Each structure stands twice: as structure tokens, then as C-alpha cells.
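Undergrad:
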Amino acid sequence: MNNKNKLRDGGIARAFSSRNFRLFWYGHFSFIIGVWVNRASVAWLTWDMTGSETWLGYMGAASMVPMLFLGPLSGATADRYGHRRQLQIATAIGGVFPFIMATMVYTETITPIALLVLTLLGGSTRAFNVPARNAMVHALVDKKDISAVIAVNGASYHSGNFIGPAIAGVVLFYGSVAIALYAYAAVSFGVVILYKFLDIEDGGTEKKDRKSIGAELAEGFRYAYNHTGIRNLMIMTAIVTLFLQPYMEMLPAFATEIFGRKVEGYAMLATSAGLGAMFGGLWLAQRGRTEGLMRILLVSTLIGVLSVIAFSQTSNFYLAMAEMFLSGIALVSSGICTLSLIQNSVDANVRGRVISFNGILVTGGPALGAIIIGTVAERYGVQNPVMVSALLGLVIWLIMVRPNMKQAARLEIAD
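Going by our numbering, the sequence shown opens with residue 39, and the numbers climb by one from there.
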């Protein structure tokens with residue numbers, strides 16, 4: 039098969055051959071860029087108003103914490119009322135808050151407290167947005183293309199990580215914070231309209247079949263726990279998010295204390311990891327099939343563990359950049375494989391809830407791990423706590439290799 043045919047038959051081409059996925063991706067990628075523009079704008083506005091690193095931390099937490107508390111509820115409501123419907127409602131409401139922010143900035147009435155409250159409210163809408171968005175992917179393409187679609191979305195997210203802040207920088211330099219925030223609000227409202235044109239079954243349960251929200255949450259939890267393959271996958275998610283990913287929060291300390299560099303050193307390390315993540319996502323997207331994902335998941339997680347251990351102990355900055363690139367490939371590949379296998383094997387009636395449980399690990403794991411590592415690093419320095427955390431992940435990985443391989447066929451097979 040020549041290169042042209044390989045590209046045509048690869049996962050990326052198959053995914054974009056679906057009209058529904060093309061429409062979804064246009065909205066998804068635009069929204070992701072908007073999210074990063076919003077984050078950069080809020081961070082700059084916070085710093086401009088307060089000059090405080092503590093306030094920057096508060097704003098960052100305000101956008102993430104709601105997922106920890108609202109994630110399970112949002113998964114249950116998505117399964118109950120329909121994934122697209124919830125995504126549209128959450129995105130529309132989410133567009134209101136940056137509009138209010140922008141208006142307050144324009145009228146010079148914004149305060150740090152008001153910005154914090156609006157950021158928290160915006161984070162709450164994204165807690166309902168993410169599980170619905172991830173669960174809806176299954177309705178866009180054939181089951182055999184789910185892995186490619188998830189990988190394309192992962193690569194898009196990490197591309198937005200670079201493009202969004204760059205756009206924000208241009209808008210902030212030549213325009214203003216208010217313009218950037220108004221633009222994010224406009225994108226949110228535009229995405230809501232775009233998703234009206236998706237030709238998909240929305241899902242949701244009939245009123246006569248609905249239980250209480252509490253009962254539906256319990257049902258989803260029992261399903262995830264009793265499904266051995268999915269339970270094992272979530273343990274793999276915990277390895278990556280709790281024991282490995284928190285090193286990203288420590289990069290400023292590595293850049294200054296270990297490598298003797300300033301903000302440009304931090305930026306180079308973070309960019310190396312981001313480029314690796316984008317590369318890993320595109321590779322899995324082009325591969326485009328679920329068969330063999332379990333082996334890739336296990337190997338990539340191991341490579342992630344080893345690259346984080348190596349990074350924690352190196353004193354050569356350029357070697358550290360290479361290790362960051364490798365860890366970016368490995369950890370994003372692990373996450374994409376996990377979500378692909380869950381999507382491939384979960385029952386449709388509990389998909390939103392199960393994905394939301396995995397989302398809690400993805401969101402809460404790095405936050406908890408960073409708190410623990412950061413606290414220990416205050417006393418013992420940053421290198422050894424990161425290494426010990428990765429070694430703990432390695433121990434759990436060794437325990438989980440055989441149980442996961444036993445479930446590979448069940449998780450990878452497509453109906």
C-alpha cells in the first residue's frame with residue numbers, strides 16, 4: 039500500500055469522512071481554542087489586578103474543582119436527558135459568564151472576587167460539558183472508528199493548548215481582555231447552533247424508565263466497579279493522573295531550582311511535553327483501530343513512568359526536554375487508549391456516568407498528586423518526591439499488567 043492509500047485508509051481520514059464528526063470537530067476545536075483564550079485572558083487579568091501568585095492559583099482551581107464535585111451528577115444527567123441536549127445547554131450557559139466578565143472589564147467594574155465567582159460558575163458548566171461531549175462521540179461514527187475520533191480530539195486539545203494562548207496574546211496585545219472574552223462567548227454560542235445540525239440519536243431515557251438521580255449514580259458506580267475490564271482501566275488512569283502527571287505542576291521548580299533557568303526554561307519544558315502529546319494523539323488517530331490498544335496502553339504507561347523517573351534525576355536541560363517530549367507521547371497515548379477502550383466496551387445506557395467517573399480521576403488525580411508532591415518537596419526538594427511518586431506508579435503497573443491483558447479481548451472487540 040502506497041503512502042497516499044495509507045493516508046486515505048487511516049483513522050484520521052475515516053473519522054473526517056463522517057459529516058457528523060466534521061461538524062462536531064469544527065465546534066470542538068473552535069471551543070477548545072476559545073477555552074484556552076479564556077484561560078490566558080483570565081490569568082492575565084488576574085495578574086494585572088492582583089500581582090499575586092496565590093490569586094493565580096485560586097483562578098486555576100476555580101476552573102477545575104467543579105468537575106470533582108459535579109462530574110458524577112453531570113454524567114447521570116447526560117444519560118438521563120441526552121448527551122447533545124446537555125452539551126448544548128451547558129455550552130450556552132457557559133457562554134454567558136465570559137460575556138458578563140467582558141462587560142465588567144469594559145465598564146471597569148470587575149474585581150478579583152467577581153472574576154473568581156464567574157470563573158467558578160464557568161467551570162461548573164464545563165463539568166456538565168465534558169462528560170456529555172465525550173459520551174456523544176459514540177454517536178458520531180462507526181464503532182470501529184471510535185479510537186481514531188478520540189485520538190483526533192486529544193490531538194486537537196493539545197493543539198489548542200498552543201494555538202489558543204497564541205491567539206490570546208495577539209488579541210491582548212492589539213486589542214483588550216474584553217475583546218478576548220467577548221470572542222470566547224461568541225464561539226460558545228456559535229457552537230451551540232452548529233450542534234443543532236448533527237444528525238444523531240441524542241440518547242436519554244424515557245420518563246417512565248427513570249429512577250432517582252441517586253439511584254442512577256449508584257447504578258453507574260456498580261456497573262463500573264463490577265465490570266472488571268473498566269475497573270482495571272480506571273486503575274490505569276489513576277496511575278497516570280495521580281502518580282505521573284503531577285510532575286507538570288512542578289515544572290517551574292525544576293526550571294529554576296534544578297536547571298537554573300527562568301520562565302523561558304519552564305516554557306521550553308512545557309512545550310516539549312505538549313508537542314509530544316500532540317504527536318502521540320495524531321499517531322493513534324492515524325492508526326485508527328481498537329485492536330492492540332491494551333498493549334499500547336501498558337507499554338506507553340511504562341514508558342511514561344520511566345521517562346518521568348529519568349526526568350526527575352537529570353541535570354541536563356536538553357536531555358530533560360527530550361524526556362518531556364517522550365513523557366508527553368506516552369502519557370497522552372495512555373489516556374487516549376484508556377478512554378477508547380472504555381468507550382468501546384461500556385453499555386450505552388450508562389456511558390455518561392462511567393465516562394464522568396473516569397473524568398474525575400483525570401481532573402482530581404493531578405491536583406491531589408501535585409498537593410502531596412508539592413508538600414513533600416518543600417522539605418526534601420523536588421526531584422526525589424517526583425521519582426518516588428513515579429516508582430509507586432511502577433509498582434501498581436507491575437501488579438496490573440496481567441489482569442489488564444486478560445481483559446484485552448473483551449475490551450478491544452467491536453460489535
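C-beta: ideal position from N, C-alpha, C; glycine also. Being a predicted model, the structure only gives us computed values, none of them experimental.
(1) Where does residue 239 fall in DSSP's three states?
(2) Rounded to the nearest angstrom, what separates residue 80 and residue 98 at their Cα positions?
(3) Enumerate in chain order the residues of its own chain whose CB-to-CB distance from residue 375 is below 6 Å, with the five nearest sequence positions on each side excluded.
(4) Between the beta-carbon of residue 133 and the beta-carbon of residue 323, is there less than 8 Å?
(5) Measuring straight from C-alpha to C-alpha, what distance separates residue 101 and residue 355?
(6) Taking only three categories from DSSP, how would you classify residue 178?
(7) Measuring only the C-alpha atoms, how far is residue 176 from residue 357?
(8) Name the two residues that bound the continuous alpha helix (DSSP H) containing residue 390.
(9) Compute the Euclidean distance between the alpha carbons of residue 62 and residue 398, then round it to the nearest angstrom.
(10) Rounding to the nearest angstrom, what Cα-Cα distance links residue 193 and residue 201 in this structure?
(11) Would you mind sorting residue 209 into buried or exposed? The rule is 16 or more other CB atoms within 10 Å of its CB.
(12) Compute the Euclidean distance between the alpha carbons of residue 285 and residue 229, then round it to the nearest angstrom.
(13) Three-state secondary structure (DSSP) at residue 265?
(14) If you check the beta carbons only, do residue 219 and residue 155 fall under 8 Å apart?
(15) Suppose the cutoff is 7 Å on Cβ atoms and the five residues either side in sequence are ignored; what does the same chain contact list for residue 313 look like?
(16) Residue 186 to residue 381, Cα distance in whole Å?
(17) Pop quiz: residue 124 and residue 115 are said to be a contact at Cβ under 8 Å. What is the actual Cβ separation, rounded to whole angstroms?
(18) Mind checking whether residue 121 and residue 51 have CB atoms under 8 Å apart?
(19) Would residue 222 be called buried (16 or more neighbouring beta carbons within 10 Å of its own) or exposed?
(20) Are residue 378 and residue 448 touching if we call contact CB-CB under 8 Å?
(21) Using the rule of at least 16 other Cβ atoms within 10 Å of the residue's Cβ for burial, across every protein chain shown, is residue 443 buried or exposed?
(22) Report the three-state DSSP secondary structure of residue 98 (helix, strand or coil).
(23) Thinking residue 438 and residue 274 are a contact (beta carbons under 8 Å), I'd like their distance in whole angstroms, please.
(24) Let me make sure I understand the geometry here. Which of 60, 110, 66 and 55 has the alpha-carbon closest to that of residue 401?
(25) Could you check what DSSP says for residue 60 in three-state terms: helix, strand or coil?
(26) Apply the 10 Å Cβ neighbour rule to residue 107 and answer buried if 16 or more other Cβ atoms are within range, or exposed otherwise.
(27) Does residue 191 pass the burial test, meaning 16 or more other C-beta atoms within 10 Å, or should it be called exposed?
(28) Is it true that the CB of residue 304 sits closer than 8 Å to the CB of residue 315?
(29) With burial defined as no fewer than 16 other Cβ atoms inside 10 Å of the residue's Cβ, what is the status of residue 433: buried or exposed?
(30) Per DSSP, what kind of secondary structure is residue 183 in: helix, strand or coil?
(31) For residue 169 versus residue 250, is the C-beta distance shorter than 8 Å?
(32) Is the closest heavy atom of the ligand GDP to the C-beta of residue 159 under 7 Å?
(33) Hey, how far is the Cα of residue 430 from the Cα of residue 281?
(34) Among the residues of its own chain, which have a CB less than 7 Å from the CB of residue 317, if the five just before and after it don't count?
(35) Within a Cβ cutoff of 7 Å, which residues of the same chain sit near residue 65, ignoring the five residues on either side of it in sequence?
TA: Reading from the atomic positions:
(1) Working through the sequence shown from its first residue, we reach residue 239 at position 201. In this structure, residue 239 counts as coil in the three-state DSSP scheme.
(2) The residue you call residue 80 lines up with position 42 of the sequence shown. The residue you call residue 98 lines up with position 60 of the sequence shown. Residue 80 and residue 98: Cα-Cα distance of roughly 9 Å.
(3) What you label residue 375 is simply residue 337 of the sequence shown in a count that begins at 1. Excluding sequence neighbours, residue 375 sits near 331, 334 and 335.
(4) Mapped onto the sequence shown, residue 133 falls at position 95. Mapped onto the sequence shown, residue 323 falls at position 285. In this structure, residue 323 does not lie closer than 8 Å to residue 133 by Cβ.
(5) By one-based count along the sequence shown, residue 101 stands at place 63. By one-based count along the sequence shown, residue 355 stands at place 317. Cα to Cα, the separation comes out at about 31 Å.
(6) On the sequence shown, position 140 is the one that residue 178 refers to. If DSSP states are grouped into helix, strand and coil, residue 178 belongs with coil.
(7) The residue labelled residue 176 in the question sits at position 138 within the sequence shown. The residue labelled residue 357 in the question sits at position 319 within the sequence shown. Going by the C-alpha atoms only, they are around 40 Å apart.
(8) For the purposes of this step, residue 390 is taken as the residue at position 352 of the sequence shown. Per DSSP, residue 390 belongs to the alpha helix (DSSP H) from 389 to 418.
(9) As a working note, residue 62 is residue 24 in the sequence shown. As a working note, residue 398 is residue 360 in the sequence shown. Approximately 24 Å between the Cα atoms of the pair.
(10) Indexing the sequence shown from 1 puts residue 193 at position 155. Indexing the sequence shown from 1 puts residue 201 at position 163. Straight-line Cα distance between these residues: approximately 12 Å.
(11) Working through the sequence shown from its first residue, we reach residue 209 at position 171. With 16 or more Cβ atoms within 10 Å of its Cβ, residue 209 is classed as buried.
(12) Translated into positions along the sequence shown, residue 285 becomes position 247. Translated into positions along the sequence shown, residue 229 becomes position 191. Rounded to whole angstroms, residue 285 to residue 229 spans 34 Å at the Cα level.
(13) In the sequence shown, counting from the first residue as 1, residue 265 sits at position 227. It is coil, neither helix nor strand.
(14) Start at 1 with the first residue of the sequence shown, and residue 219 comes out as number 181. Start at 1 with the first residue of the sequence shown, and residue 155 comes out as number 117. Taking 8 Å as the Cβ cut-off, residue 219 and residue 155 do not qualify as a contacting pair.
(15) Counted from its first residue, the sequence shown places residue 313 at position 275. The answer, listed in chain order, is 363 and 366.
(16) For the purposes of this step, residue 186 is identified with residue 148 of the sequence shown, where counting begins at 1. For the purposes of this step, residue 381 is identified with residue 343 of the sequence shown, where counting begins at 1. Each residue's alpha carbon lies about 12 Å from the other.
(17) Counting from 1 along the sequence shown, the entry for residue 124 is found at position 86. Counting from 1 along the sequence shown, the entry for residue 115 is found at position 77. About 6 Å separates the two Cβ atoms, so the contact holds.
(18) Counted from its first residue, the sequence shown places residue 121 at position 83. Counted from its first residue, the sequence shown places residue 51 at position 13. Not closer than 8 Å, so no.
(19) Locating residue 222 in the sequence shown gives position 184, counting from the first residue. When all chains shown are included, residue 222 counts as buried.
(20) The residue given as residue 378 occupies position 340 in the sequence shown. The residue given as residue 448 occupies position 410 in the sequence shown. No.
(21) Start at 1 with the first residue of the sequence shown, and residue 443 comes out as number 405. That one is exposed.
(22) Numbered from 1 along the sequence shown, position 60 holds the residue referred to as residue 98. If DSSP states are grouped into helix, strand and coil, residue 98 belongs with the helices.
(23) Taking the first residue of the sequence shown as position 1, residue 438 is located at position 400. Taking the first residue of the sequence shown as position 1, residue 274 is located at position 236. Residue 438 to residue 274, Cβ: 6 Å. Contact.
(24) By 1-based counting over the sequence shown, the position of residue 401 is 363. Checked all of 60, 110, 66 and 55; the closest Cα to residue 401 is 110.
(25) Mapped onto the sequence shown, residue 60 falls at position 22. Correct three-state label for residue 60: helix.
(26) The count along the sequence shown starts at 1 and reaches residue 107 at position 69. Exposed is the call here.
(27) Taking the sequence shown and counting its residues from 1, one reaches residue 191 at position 153. So residue 191 counts as buried.
(28) What you label residue 315 is simply residue 277 of the sequence shown in a count that begins at 1. What you label residue 304 is simply residue 266 of the sequence shown in a count that begins at 1. No, they are not a contact pair.
(29) Start at 1 with the first residue of the sequence shown, and residue 433 comes out as number 395. Counting Cβ neighbours within 10 Å, residue 433 comes out exposed, since fewer than 16 surround it.
(30) Position 145 of the sequence shown holds residue 183. Looking at residue 183 - three-state DSSP - the assignment turns out to be helix.
(31) As a position in the sequence shown, residue 169 is number 131, starting the count at 1. As a position in the sequence shown, residue 250 is number 212, starting the count at 1. Contact flag unset, no.
(32) With respect to the ligand GDP, the structure offers nothing, as it holds no ligand at all.
(33) The residue you call residue 430 lines up with position 392 of the sequence shown. The residue you call residue 281 lines up with position 243 of the sequence shown. Near 7 Å, if we compare the C-alpha coordinates of residue 281 and residue 430.
(34) Mapped onto the sequence shown, residue 317 falls at position 279. Within the same chain, residue 317 has close Cβ partners 367.
(35) Here residue 65 corresponds to residue number 27 of the sequence shown, with the count starting at 1. Result list for residue 65: 229, 232 and 233, in chain order.
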